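*Asks:*
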Amino acid sequence: MTDFWLFSALLLVAGIVVVLWPLWQRGRQATVDRTALNVALFEERLAELEGQRGAGEISEEQYQQTRQEASRLLLEDTAEADQRQRPRVAGTPALLVVAAILMVPLVLVLYSSWGNPAGLALYRELQERPQVESLEALIDRMERITEVQPQNGEAWFMLGRAYMNAQQPEQAVRAFGLSVERLGERPEVLAQLAQARYFAAGNQLDAQSVAALDKALEMEPREPTALGLLGIAAFESADYSGAIAYWERLLAGMPPGSSGAEAIQGGIERARQRLGQPAPAVDEVAEQAVIRVRLEIDPQIAAGLDDGAVVFLFARDPNGPPMPLVAKRFAMDELPAEVELSAADAMLPGVTLTPGQSLQLVARVSPDGDALSGSHQGRTDNVEVGAQQRVLVKVDQPL
Numbered sequence: 001m002t003d004f005w006l007f008s009a010l011l012l013v014a015g016i017v018v019v020l021w022p023l024w025q026r027g028r029q030a031t032v033d034r035t036a037l038n039v040a041l042f043e044e045r046l047a048e049l050e051g052q053r054g055a056g057e058i059s060e061e062q063y064q065q066t067r068q069e070a071s072r073l074l075l076e077d078t079a080e081a082d083q084r085q086r087p088r089v090a091g092t093p094a095l096l097v098v099a100a101i102l103m104v105p106l107v108l109v110l111y112s113s114w115g116n117p118a119g120l121a122l123y124r125e126l127q128e129r130p131q132v133e134s135l136e137a138l139i140d141r142m143e144r145i146t147e148v149q150p151q152n153g154e155a156w157f158m159l160g161r162a163y164m165n166a167q168q169p170e171q172a173v174r175a176f177g178l179s180v181e182r183l184g185e186r187p188e189v190l191a192q193l194a195q196a197r198y199f200a201a202g203n204q205l206d207a208q209s210v211a212a213l214d215k216a217l218e219m220e221p222r223e224p225t226a227l228g229l230l231g232i233a234a235f236e237s238a239d240y241s242g243a244i245a246y247w248e249r250l251l252a253g254m255p256p257g258s259s260g261a262e263a264i265q266g267g268i269e270r271a272r273q274r275l276g277q278p279a280p281a282v283d284e285v286a287e288q289a290v291i292r293v294r295l296e297i298d299p300q301i302a303a304g305l306d307d308g309a310v311v312f313l314f315a316r317d318p319n320g321p322p323m324p325l326v327a328k329r330f331a332m333d334e335l336p337a338e339v340e341l342s343a344a345d346a347m348l349p350g351v352t353l354t355p356g357q358s359l360q361l362v363a364r365v366s367p368d369g370d371a372l373s374g375s376h377q378g379r380t381d382n383v384e385v386g387a388q389q390r391v392l393v394k395v396d397q398p399l
């Protein structure tokens, strides 16, 4: 900020000089012009007297008297010109000097009221620290960007994505809604808005969200979020053929062998089972796709919780969508506990776990039993599905 104010001060000084310099020069030039005119008239009068004296028209005594009188008049005219100039210096230019001095605090007041100091500070921060160290820091930065630039639809979209990654779907709904207002009905924004509404409503798709997803697919037939959510809606309404159709379109655009592709393939197989098609045999690999966990909570945190508080344990793909893949719920009196997470605990139809898959485990305390709110949590990264060693997840950090 220092260099900005220094530069502003230099501009103000330059502006003051530009205003006052011509006024000072004008007064000075007016005095010089009047004096030069008087001198020229005096010299012309002397030449005339010398001519008259040479022609014998006047005597030497008359010549000297007239010369002295002309000299006296020259001195009086010069003094009078100087006196006439002084009121101008003390009047209008003095007022302008005062106005120029008052420009400095006036500009500062106007800038602080109508300017954008917060935007300047944010710009400097983005230059000095372009990367953020945590999801919380990203959310804080994006919130300040949208405050400074409320018409920036891309910033609102990024803030919505950050809210989703932080498991805050209600805030994401607002951010994505403002993004739609500013960017228009772009397919990826409509799909993300519908997904946020889905999780904010407790995994329920309302008619407004379905309409937004249909609009997104109309504009972009391969939009992945829209295909996935409409497949879920079809599956939950027992339209298994529709679910298969959506998910097969989604699967065609996914990298083969990825965790997301395997989850969608599992959903397709489950929909086929519901249609009466033969279910694939469960092999030993599927039986090994479990996560062995020991879940604990810090005793001091537990002592400050009511009996109605619950703990949610869930696993999610750190490189995939923000929603959990599998989850379980525990009462406070059930902890500590040794548990296993598997596809049987899936949040969505068709979710599968693959041995060797790397996931993130999160345990979150909810004082009121709502999975979307929380007071404390614990997290363990890089957990391998199928590992024989039990992984510790301890709730010991405030949210």
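In full-length UniProt numbering, the protein residues as written are 1 to 399. Where is the CB? At the ideal position from N, CA and C, for every residue including glycine. Computed from a predicted structure; not experimentally measured.
1. Where do the N-terminal and C-terminal ends of the beta strand (DSSP E) with T380 fall, by residue?
2. Mark D345 as exposed unless 16 or more other C-beta atoms lie within 10 angstroms of its C-beta, in which case mark it buried.
3. How many Å lie between F314 and P150 at the Cα?
4. Please confirm whether L205 and A238 have their CB atoms less than 8 Å apart.
5. DSSP on E57, reduced to helix/strand/coil?
6. For A337, which beta-bridge partners are listed by DSSP?
7. For a test of the three-state rule: what should DSSP assign to A233, helix, strand or coil?
8. Please state if the CB of L250 and the CB of G231 are separated by a distance shorter than 8 Å.
9. Using three-state DSSP, classify V210 as helix, strand or coil.
10. Nearest to R274 by alpha carbon, out of S375, I145, E236 and P224?
11. Helix, strand or coil for V326, going by three-state DSSP, please let me know.
12. Which word fits P299, buried or exposed, when buried means at least 16 other C-beta atoms lie within 10 angstroms of its C-beta?
13. Sorted by chain position, which residues of the same chain lie with C-beta nearer than 7 Å to P336's C-beta, five sequence neighbours on each side aside?
14. Is it true that the stretch 375-389 meets the stretch 166-178, where meeting means three or more beta-carbon pairs spaced less than 8 Å apart?
15. Who are P318's beta bridge partners in DSSP?
16. Quick one: Cα of E248 to Cα of A327, how far?
17. Sort P367, Q208 and P322 by Cα distance to residue 407 and report the nearest one.
18. Would you say the beta carbon of E61 is closer than 7 Å to some non-hydrogen atom of the ligand GTP?
*Replies:* So, to answer that:
1. H376 to E384
2. buried
3. 35 Å
4. no
5. coil
6. L295
7. helix
8. yes
9. helix
10. E236
11. strand
12. exposed
13. R294, L295 and E296
14. no
15. Answer is none; P318 lacks a bridge partner.
16. 25 Å
17. Only positions 1 to 399 of the chain appear in the structure, and residue 407 is not among them; the question remains open.
18. No copy of the ligand GTP occurs in the structure displayed, which carries no ligand at all.
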